[in-house]
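Written below as structure tokens is the structure these notes are about.
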Amino acid sequence: MTKEEIVELILKENKFESLNPVQRKAFEMGILDGENLVVSSPTSSGKTILAELAGLNVSLNKGQKMLYLSPLVALAREKYEEFKKKYEKYGIKVALSIGNYDSSDPFLEKYSWIVCSNEKADSLIRHEASFIKDVGLVVADEIHLLDDFERGPTLEILLTILKEILPSAQFLAFSATIKNAEEIGEWLGAKVLKSDFRPVPLYKGILVGNKIKMFKRESYELRSDLSLEESIVEDTLLKKKQLIFFLSSRKNAEALAERLSNLVFHFLEEKEIKELEKISQKIEKALEIPTEQCKKLANCLKKGVAFYHSGLVFFQRVLIEENYKKGLIKVITSTTALAFGINLPNWRAVVRDVKRYYPGLGSIYLPVLEVEQMFGRSGRPQYDKWGEGILVAKNKEEERELNEYYIRGELEEISSQISSESALRMHILSLVANRFCKSQNQLVEFLKKTFFGKKYGQVEILKEKVEGIIFALEDWGFLKTQEIREDGEVVDKQLMVTKVGKRISQLYIDPLSANIFIENLINCQKANEFSFLSFLAKAKELKPSPNLSSKDIFLIEQEIFENQDWFFFPIPDEFDEEYEEFLREAKLAMIFSFWINEKSEKEIMQKFKITPGELRSRIEIADWLIYSILEISKLVPVAKQIQKLLRKLRVRIYYGIKEELIPLVKLEGIGRLRARLLFNAGVKTIQDLKGKPVEKIAQILKSKTLAQKIKEKISSQ
DNA sequence: CTGCTCGACGTCTAGACAGCATGTC
DNA sequence: CTAGACGTCGAGCAG
Numbered sequence: 169m170t171k172e173e174i175v176e177l178i179l180k181e182n183k184f185e186s187l188n189p190v191q192r193k194a195f196e197m198g199i200l201d202g203e204n205l206v207v208s209s210p211t212s213s214g215k216t217i218l219a220e221l222a223g224l225n226v227s228l229n230k231g232q233k234m235l236y237l238s239p240l241v242a243l244a245r246e247k248y249e250e251f252k253k254k255y256e257k258y259g260i261k262v263a264l265s266i267g268n269y270d271s272s273d274p275f276l277e278k279y280s281w282i283v284c285s286n287e288k289a290d291s292l293i294r295h296e297a298s299f300i301k302d303v304g305l306v307v308a309d310e311i312h313l314l315d316d317f318e319r320g321p322t323l324e325i326l327l328t329i330l331k332e333i334l335p336s337a338q339f340l341a342f343s344a345t346i347k348n349a350e351e352i353g354e355w356l357g358a359k360v361l362k363s364d365f366r367p368v369p370l371y372k373g374i375l376v377g378n379k380i381k382m383f384k385r386e387s388y389e390l391r392s393d394l395s396l397e398e399s400i401v402e403d404t405l406l407k408k409k410q411l412i413f414f415l416s417s418r419k420n421a422e423a424l425a426e427r428l429s430n431l432v433f434h435f436l437e438e439k440e441i442k443e444l445e446k447i448s449q450k451i452e453k454a455l456e457i458p459t460e461q462c463k464k465l466a467n468c469l470k471k472g473v474a475f476y477h478s479g480l481v482f483f484q485r486v487l488i489e490e491n492y493k494k495g496l497i498k499v500i501t502s503t504t505a506l507a508f509g510i511n512l513p514n515w516r517a518v519v520r521d522v523k524r525y526y527p528g529l530g531s532i533y534l535p536v537l538e539v540e541q542m543f544g545r546s547g548r549p550q551y552d553k554w555g556e557g558i559l560v561a562k563n564k565e566e567e568r569e570l571n572e573y574y575i576r577g578e579l580e581e582i583s584s585q586i587s588s589e590s591a592l593r594m595h596i597l598s599l600v601a602n603r604f605c606k607s608q609n610q611l612v613e614f615l616k617k618t619f620f621g622k623k624y625g626q627v628e629i630l631k632e633k634v635e636g637i638i639f640a641l642e643d644w645g646f647l648k649t650q651e652i653r654e655d656g657e658v659v660d661k662q663l664m665v666t667k668v669g670k671r672i673s674q675l676y677i678d679p680l681s682a683n684i685f686i687e688n689l690i691n692c693q694k695a696n697e698f699s700f701l702s703f704l705a706k707a708k709e710l711k712p713s714p715n716l717s718s719k720d721i722f723l724i725e726q727e728i729f730e731n732q733d734w735f736f737f738p739i740p741d742e743f744d745e746e747y748e749e750f751l752r753e754a755k756l757a758m759i760f761s762f763w764i765n766e767k768s769e770k771e772i773m774q775k776f777k778i779t780p781g782e783l784r785s786r787i788e789i790a791d792w793l794i795y796s797i798l799e800i801s802k803l804v805p806v807a808k809q810i811q812k813l814l815r816k817l818r819v820r821i822y823y824g825i826k827e828e829l830i831p832l833v834k835l836e837g838i839g840r841l842r843a844r845l846l847f848n849a850g851v852k853t854i855q856d857l858k859g860k861p862v863e864k865i866a867q868i869l870k871s872k873t874l875a876q877k878i879k880e881k882i883s884s885q
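Heads up: the first sequence begins at 169 in the working numbering, then just goes up one per residue.
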């Protein structure tokens, strides 16, 4: 297929007349000749199309694969759907590979385009996935994530590895507009394409008092008899548009949503009210028993407003996104959760809280890049002539600062976060585990090839850390080393992974967590539920631990006191520095403990001030950690009774049940509530179920269809 | 006596990736 | 770059 034909195909599938300026530039720069490119341009400037262009070229003309890396599972899913819809009919087989949902791990060989999260790609390499060798194109989306303290290093190491094992593959890296795209280009051996192109122009402004001062556009005034939030909402709704507020905390987001809902309600049409009523009910029923948060959200939704943050459960988030797109929801009040997420078309973005709290630093201005992301999607092609991004200033003085910093100011540089100790620890183990680096010198050589190495020209600062980490990893039994001598002098250190080390690298847990597990479990003879849960909460993966409130402390200390004889790790003294963290861990343990003792979600939420979304994600992590501990315990001596306790605990945490319900939840469609109903009615095992007539089961479960399904299931076993 | 307003004081703070085996609201 | 919004509770005041 010629270049022109590929472009033709892309235009047809995307229903475009012609390539946009960014795309044309990429074409001229040789994107279809295998040229490496770093593209730095705003969200919505059509970067995905570039991946499609190069992807078609590589797959149709060379029979190679495209590996598409995304920082977010939600984004990965979105791209996957999009690619599939457009190009499957041309013989491009598209796969999605992310944690939790895996279309086809071992069969990725058969697919031409593989969409995955950065971490999943890293994990695939650790598992020595064989398809990697067939990759002819690597696309890294949102590469400014390199700057993220926790997740940046994974992306950096991943790209460095991919560059090494795929020397002739084409690399495309996409970034939001950043200052030092050239440096990234230099690192990846890529040409740099910088552009400010947006399909719909974005105008920025600052709201002070009741006046919006627009930059490069006429300013305007709002009503002064309303609060500033209300007046800007009114102005937007009168223009028949929608808006998103960005706020600094969940509490703020919820409070503002409630405050705005009565105003927004007046703008709704009869038909919309009916529709919203339906959605509101769905939102409220997202959990077994609606929590206060669900009710609050449902109430706001009835009036056309939604708050949005990670404390919501997945289903609720999706509903809000969908109905904002449809135009039913008029206003969203959000935390930063929406800034990075999926493509949510919008007209006006209002950053009300330009500062955010950072522990130890107090409240400081958001990075320019982040504010740009929030503004990013304002202005929808086809609907709007322009979009607006508005910052809220409290006074003249702040207005001046915001203007200087965000409107006229420069973007930050992206830098490498690879020198973070925990990142190095994790990745050094994995680099040795997959035999990528076989000696300490090789490791240092590898680090020279990272963005860090290229940017600073040397890795001396890392050397010492590397040595320390290797020492620790060896000490923990995850690595073996052997000195290499020349003329009696030590010149290098050979590195070999142990069996445990290899497994830990594959399980994708922090070696430090793994070591804590092993050290404590090897000599552990007895543990109970609570002591084990407190132990689990020590893992880095479950940090940060929940915050303590003053009334929690009594409750937690009492629980600790009752279980004190069961702890198999030292309890810090009340006056030790670690004591507070210990209490916070114990709080998480109590939350889990309530959960597996079948306390209602509502009670847990209220008692511990935790949100449904948060509980879910913690449970997921705990499940993964227990699985990992079980896997590790196959390789180190751990008492049989402890393993047994763990296996039971895993099922109980996953479902939130007492031990007696374990046999029942194995059935599809039976969760913690239904299992309890059955048990209390005397149905305690699958055998009991077999002995009961369908009608009886239906009566217990209050559902005929479910009873029918269960009966079919057990009779076919 | 009751109900409301206002201010002092205390509280609390964003997000989300990974394993594995199969099918949740 | 080292805070600030929200909620609670009680005092003070009007009715």
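The beta-carbon is built from N, C-alpha and C at its ideal position, and this holds for glycine as well. This structure is a prediction, so every number in the text was calculated from the model and none was measured.
{"Check": "Beta bridge counterpart(s) of TYR388 as assigned by DSSP", "Outcome": "ILE380"}
{"Check": "Coarse secondary structure for TRP644, derived from DSSP in three states", "Outcome": "coil"}
{"Check": "N- and C-terminal bounds of the alpha helix (DSSP H) containing GLN726", "Outcome": "718-730"}
{"Check": "Pick from GLN232, ASN378, GLN585, ASN609 that is closest to ASP302, judged by C-alpha positions", "Outcome": "GLN232"}
{"Check": "The region 590-606 touching the region 666-682, judged by at least three CB pairs closer than 8 Å", "Outcome": "yes"}
{"Check": "Whole alpha helix (DSSP H) elements within the region 800-837, 4-residue minimum", "Outcome": "808-823, 830-833"}
{"Check": "C-alpha distance - ALA705 paired with ILE582, whole-angstrom precision", "Outcome": "33 Å"}
{"Check": "Proximal residues to LYS615 (C-beta, below 6 Å), its chain only, five neighbours per side dropped", "Outcome": "Checking the sequence, you will find Leu at residue 615 rather than Lys. Around LEU615: GLY621, VAL627, LEU630."}
{"Check": "Contact check, LEU390 vs ILE374, beta carbons under 8 Å", "Outcome": "no"}
{"Check": "Environment of TRP886 [buried if 16+ CB atoms lie within 10 Å]", "Outcome": "Here the chain has residues from 169 to 885 only, and residue 886 is not among them."}
{"Check": "Beta-carbon contacts of HIS145 that lie in its chain and below 6 Å, excluding the five residues immediately before and after", "Outcome": "In the structure as shown, the chain starts at 169 and stops at 885, and residue 145 therefore has no counterpart that could be examined."}
{"Check": "For THR779: DSSP bridge partner residues", "Outcome": "THR779 pairs with nothing; no bridge assigned."}
{"Check": "Secondary structure, alpha helix (DSSP H): runs of 4+ residues fully inside the region 174-243", "Outcome": "189-196, 215-224"}
{"Check": "PHE299, enclosing alpha helix (DSSP H) - first and last residue", "Outcome": "Careful: PHE299 lies outside any alpha helix (DSSP H) and carries neither H nor E."}
{"Check": "Proximity below 8 Å, CB of ILE178 to CB of LEU221", "Outcome": "yes"}
{"Check": "Paired residues, beta bridge with ALA459 - DSSP", "Outcome": "Residue 459 is actually Thr in this sequence, not Ala. According to DSSP, which records beta bridges pairwise, THR459 is partnered with nothing at all."}
{"Check": "Boundaries (first-last residue) of the beta strand (DSSP E) holding ILE739", "Outcome": "Segment: none, ILE739 is in no beta strand (DSSP E) and carries neither H nor E."}
{"Check": "Cβ-based burial, ARG840 [other Cβ within 10 Å; buried from 16]", "Outcome": "buried"}
{"Check": "Supposed close pair PHE414, LEU240 - CB separation, criterion 8 Å", "Outcome": "Actually they are not in contact, since the Cβ atoms of PHE414 and LEU240 sit about 18 Å apart, beyond 8 Å."}
{"Check": "The region 558-566 / the region 288-302 touching (three or more Cβ pairs under 8 Å)", "Outcome": "no"}
{"Check": "8 Å contact criterion, which VAL207 and LEU340 should meet: CB distance rounded", "Outcome": "7 Å"}
{"Check": "Extent of the continuous beta strand (DSSP E) to which ARG524 belongs", "Outcome": "523-526"}
{"Check": "Residue from ALA244, GLY198, GLY202, ASN182 with nearest C-alpha to GLY214", "Outcome": "ASN182"}
{"Check": "Span separating the alpha-carbon of LEU663 from that of GLU742", "Outcome": "42 Å"}
{"Check": "Three-way DSSP call (helix, strand, coil) for GLU651 in this model", "Outcome": "strand"}
{"Check": "Residue nearest to ALA244 in terms of C-alpha spacing, selected from LYS180, SER265, LYS471", "Outcome": "SER265"}
{"Check": "Helix, strand or coil at GLY859 according to DSSP, with G and I counted as helix", "Outcome": "helix"}
{"Check": "Neighbourhood of LYS471 by C-beta distance below 6 Å, restricted to the same chain and skipping five residues each side", "Outcome": "SER429, VAL432, PHE433"}
{"Check": "Between the CA atoms of SER588 and LEU647 - distance to the nearest angstrom", "Outcome": "20 Å"}
{"Check": "Chain-order list of residues whose beta-carbon lies under 8 Å from that of VAL819 (same chain, five-residue window excluded)", "Outcome": "ILE825, ILE830, VAL833"}
{"Check": "Member of SER717, GLU827, PHE736 whose CA lies at the smallest distance from the CA of ILE778", "Outcome": "SER717"}
{"Check": "Integer Cβ distance of ILE457 from GLU769, believed to fall under 8 Å", "Outcome": "6 Å"}
{"Check": "Environment of THR404 [buried if 16+ CB atoms lie within 10 Å]", "Outcome": "buried"}
{"Check": "Delimiting residues of the alpha helix (DSSP H) encompassing GLY669", "Outcome": "667-675"}
{"Check": "Integer Cβ distance of ASN688 from PHE760, believed to fall under 8 Å", "Outcome": "Not confirmed; about 18 Å, so no contact."}
{"Check": "Selected residue, minimal CA-CA separation from LYS808, among GLN693, LYS331, ARG366, ASP660", "Outcome": "GLN693"}
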